[in-house]
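Comments concern the structure below.
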Amino acid sequence: MSAQITSPIVVTDADTAHVKKIWKAFWILLILTIIELILGLIIYNIDKTPDPSESLILAIKGTICILTLAKAFYIISIFMHLGDEVRNMILSIAMPAGIFIWFIIAFIVDGNSYKNLRNTDAGSRTYIEQTHHAPATGPSEKSDKKLD
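If you count the sequence shown from 1, position 64 lands on 63 in numbering that gives the first Met the number 0, and the numbers rise without skipping.
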């Protein structure tokens, strides 16, 4: 005889609902990720064309950013249980995140402005990207003469 203690595992309706909620989150995140990957492959194929459409690529990148933010907020809502909180708690977490995103956009715009204004006397003359060209004459030939 063995002294084994067995207890039945009790599965409640709340446990079943919680598991269903996790699976639903998994499928939603999987679908959004697959859409992002497909959009990334579309950008890759557009870049391989001889004349890629920059506005189309920018629109697709914007869509990917929006989908990524949607995934981030969905993850926060489900797995950090923020969706079950009161409205003020959600706003106290979401507002700083929104301000952080605004900071990132502001720094990118400011950096681009600095790049365009550099070496232009603060915008008084237009920025011309300088390219280095090969010399027009052929390479100089070495002389066999030795200098004293």
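Ideal Cβ positions, reconstructed from N, Cα and C, are used throughout, including at glycine.
Since the model is a prediction, treat every value here as computed from it, not as a measurement.
Assigned secondary structure, residue i (DSSP; H/G/I helix, E/B strand, else coil)
{"i": "P95", "result": "helix"}
{"i": "V9", "result": "coil"}
{"i": "V85", "result": "coil"}
Beta-carbon spacing of residue i, residue j below 7 Å
{"i": "I77", "j": "A16", "result": "no"}
{"i": "W75", "j": "L81", "result": "According to the sequence as given, residue 75 is Ile; it is not Trp. In contact: I75 and L81 (Cβ atoms closer than 7 Å)."}
{"i": "I56", "j": "I41", "result": "no"}
{"i": "I63", "j": "E35", "result": "yes"}
Residue i: first and last residue of the uninterrupted alpha helix (DSSP H) it sits in
{"i": "K23", "result": "D12 to D46"}
{"i": "E53", "result": "E53 to F78"}
Within the chosen definition, does the stretch 21-39 reach the stretch 84-95 through at least 3 CB pairs nearer than 8 Å? Flag = no, the stretch 21-39 and the stretch 84-95 do not touch.
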